[in-house]
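Notes follow the structure.
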DNA sequence: CCTATAAATAACCACTTAGTTCTGTACCGG
DNA sequence: CCGGTACAGAACTAAGTGGTTATTTATAGG
């Protein structure tokens, strides 16, 4: 539960690649999937997918099962929860920025209304 | 507002380094800071920090001002909001996994209570 | 104008990444 | 036991990362 730097490193790094995000998305909607099934929609070799899976596995984002010669991939969502928690630490901050933006927009609107009267 | 792949790539990549996360944390609590002030607590040269800032800037996480020869760094939280939104798309999923974990723990507790009676 | 300061840029280095192809291994099924 | 299938591993390559030191640019100020 430590939310250590190295964990964040690994999870954010794993999420920084579109192929890996697509893999996660697919696991989320289809459940466990084999490596071959995963590789099929990508214009990419099977070993390339295996490498991506290793990155995801190192971040704890997926786990691997065993079904004969297949190694089904399973989504483990916990690291996602952890990085989300980390990000939510900044929520107040961007909220404040958005609020200020709202203020600016309000003022702008007020000015336009004013201009319309002239 | 497109939440495009390349944006997520850049933001997640920027967040995958502990030095860069520390920079963001410092900006969040101290407000705008110069490069020299930023570099001071790190065992790292000024150009190294400048490089990290360029990564953060490319991801839109910081912007740069101008104060004489200083280039104060300003936190821009919007990309954080965007990746948080992306992550929250998985919230239902990890929630479900946690619920299932709760069930298991409940069952375990029930079994222990049962065992205690014998 | 000259010097000092803040920061960016350049050139370089070791290491990692994301991909490839080829090969090896484990397991199933006839 | 033998051929096929599913995957992992090794070896290679091109490009990117994270750091360094040395240099350059921009600006303030005596």
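Residue numbers (the UniProt record's numbering), protein chains in the order written: chain H, 1 to 118; chain S, 1 to 118. Even for Gly, the Cβ is constructed at its ideal location relative to N, Cα and C. Predicted, not measured: the structure shown is a model, and the values here were computed from it.
Exercise. Flag this pair as touching only if the region 66–86 of chain S and the region 15–33 of chain S have three or more C-beta atom pairs under 8 Å; answer yes or no.
Key: Contact annotation: the region 66–86 of chain S touches the region 15–33 of chain S, with at least three C-beta pairs closer than 8 Å.
Quiz item: From the DSSP output, which residues share a beta bridge with residue 13 of chain H?
Solution: Within the first chain, residue 13 of chain H is the residue found at index 13, counting from 1. In the DSSP output, where bridge partners are listed per residue, residue 13 of chain H has none listed.
Exercise. Could you pull out every residue in the same chain whose Cβ sits closer than 7 Å to the Cβ of residue 39 of chain S, ignoring the five residues on either side in sequence?
Key: Translated into the one-based positions of the second chain, residue 39 of chain S becomes position 39. 46, 49.
Quiz item: What whole-angstrom Cβ distance do residue 94 of chain S and residue 56 of chain H have, given they're in contact under 8 Å?
Solution: Sequence index remark: in the second chain, residue 94 of chain S carries index 94 (1-based). Sequence index remark: in the first chain, residue 56 of chain H carries index 56 (1-based). The pair is not a contact, with the Cβ atoms about 15 Å apart (cut-off 8 Å).
Quiz item: Should residue 30 of chain S go down as buried or exposed, given a rule of 16 or more other Cβ atoms within 10 Å for buried?
Solution: Stepping through the second chain from its first residue, residue 30 of chain S is reached at position 30. Residue 30 of chain S comes out exposed.
Quiz item: residue 34 of chain S CB to nearest chain H CB: under 8 Å?
Solution: Numbered from its first residue, the second chain carries residue 34 of chain S at position 34. It does not: the Cβ of residue 34 of chain S has no partner Cβ on chain H nearer than 8 Å.
Quiz prompt | Those residues which DSSP pairs with residue 35 of chain H across a bridge | solution = As a first step, residue 35 of chain H is located in the first chain; it is residue number 35 there, counting from the start. Paired residues: none, contrary to the question.
Self-check item: residue 7 of chain H to residue 90 of chain H span [Cα, whole Å]
Solution: Residue numbering aside, residue 7 of chain H sits at position 7 when the first chain is read from its first letter. Residue numbering aside, residue 90 of chain H sits at position 90 when the first chain is read from its first letter. Spanning the two alpha carbons is a distance of roughly 18 Å.
Exercise. Give the single residue among H/85, H/83, H/110, H/62 whose Cα lies nearest to the Cα of residue 33 of chain H.
Key: Residue 33 of chain H sits at position 33 when you count from the first residue of the first chain. Of the candidates H/85, H/83, H/110, H/62, the one whose C-alpha sits nearest the C-alpha of residue 33 of chain H is H/62.
Quiz prompt | Under 8 Å between C-beta atoms of residue 15 of chain S and residue 84 of chain H | solution = Taking the first residue of the second chain as 1, we reach residue 15 of chain S at position 15. Taking the first residue of the first chain as 1, we reach residue 84 of chain H at position 84. No. Outside cutoff.
Quiz item: In chain order, what residues of the same chain have a beta carbon less than 7 Å from the beta carbon of residue 12 of chain S, not counting five sequence neighbours either side?
Solution: Reading the second chain from its first residue, position 12 is the one you call residue 12 of chain S. These residues qualify, in order along the chain: 83.
Practice problem: Would you please state the rounded distance, in angstroms, between the beta carbons of residue 10 of chain H and residue 59 of chain H? I believe it to be under 8 Å. | Solution: Within the first chain, residue 10 of chain H is the residue found at index 10, counting from 1. Within the first chain, residue 59 of chain H is the residue found at index 59, counting from 1. About 4 Å; that satisfies the 8 Å criterion.
Quiz prompt | CB contact below 8 Å: residue 52 of chain H versus chain S | solution = Locating residue 52 of chain H in the first chain gives position 52, where the first residue counts as 1. Not one chain S Cβ lies under 8 Å of residue 52 of chain H.
Quiz item: Taking the C-alpha atoms as reference points, what is the distance between residue 65 of chain H and residue 35 of chain H?
Solution: As a first step, residue 65 of chain H must be located in the first chain, where it is residue number 65. As a first step, residue 35 of chain H must be located in the first chain, where it is residue number 35. Their Cα atoms are separated by approximately 11 Å.
Practice problem: Using a Cβ cut-off of 8 Å (strictly closer), state whether residue 55 of chain S contacts chain H. | Solution: Here the question's residue 55 of chain S lines up with position 55 in the second chain. Not an interface residue.
Quiz prompt | Bounding residues of the beta strand (DSSP E) (the contiguous stretch that carries residue 71 of chain H) | solution = The residue labelled residue 71 of chain H in the question sits at position 71 within the first chain. Element bounds for residue 71 of chain H: n/a, residue is neither H nor E.
Practice problem: Could you work out which residue in S/97, S/69, S/68, S/67 is closest to residue 77 of chain H when comparing CA atoms only? | Solution: Walking along the first chain from the start, residue 77 of chain H turns up at place 77. Here the closest residue by C-alpha is S/97.
Quiz item: Distance, Cα to Cα, residue 18 of chain H vs residue 53 of chain H?
Solution: Within the first chain, numbered from 1, the residue matching residue 18 of chain H stands at position 18. Within the first chain, numbered from 1, the residue matching residue 53 of chain H stands at position 53. Distance between the alpha carbons of residue 18 of chain H and residue 53 of chain H is about 13 Å.
Quiz item: Name the chain H residues whose beta carbon is nearer than 9 Å to that of residue 18 of chain S?
Solution: Residue 18 of chain S sits at position 18 when you count from the first residue of the second chain. By Cβ distance, chain H contributes 5, 6, 8, 9.
Quiz item: In this structure, does DSSP put residue 63 of chain S in helix, strand or coil?
Solution: The residue you call residue 63 of chain S lines up with position 63 of the second chain. Assigned with DSSP and collapsed to three states, residue 63 of chain S falls in strand.
Exercise. Note down, in chain order, all residues in the region 80–92 of chain H with a beta-carbon under 8 Å from any beta-carbon belonging to chain S.
Key: 80, 81, 83, 84, 87, 88, 90, 91
Quiz item: Using a C-beta to C-beta distance shorter than 8 Å, which residues of chain H count as neighbours of residue 13 of chain S?
Solution: The sequence position of residue 13 of chain S within the second chain is 13, counting from 1. 12, 13, 16, listed in chain order.
Quiz item: Are the C-beta atoms of residue 26 of chain H and some chain S residue less than 8 Å apart?
Solution: Working through the first chain from its first residue, we reach residue 26 of chain H at position 26. Chain S, which has no Cβ nearer than 8 Å to the Cβ of residue 26 of chain H, makes this no.
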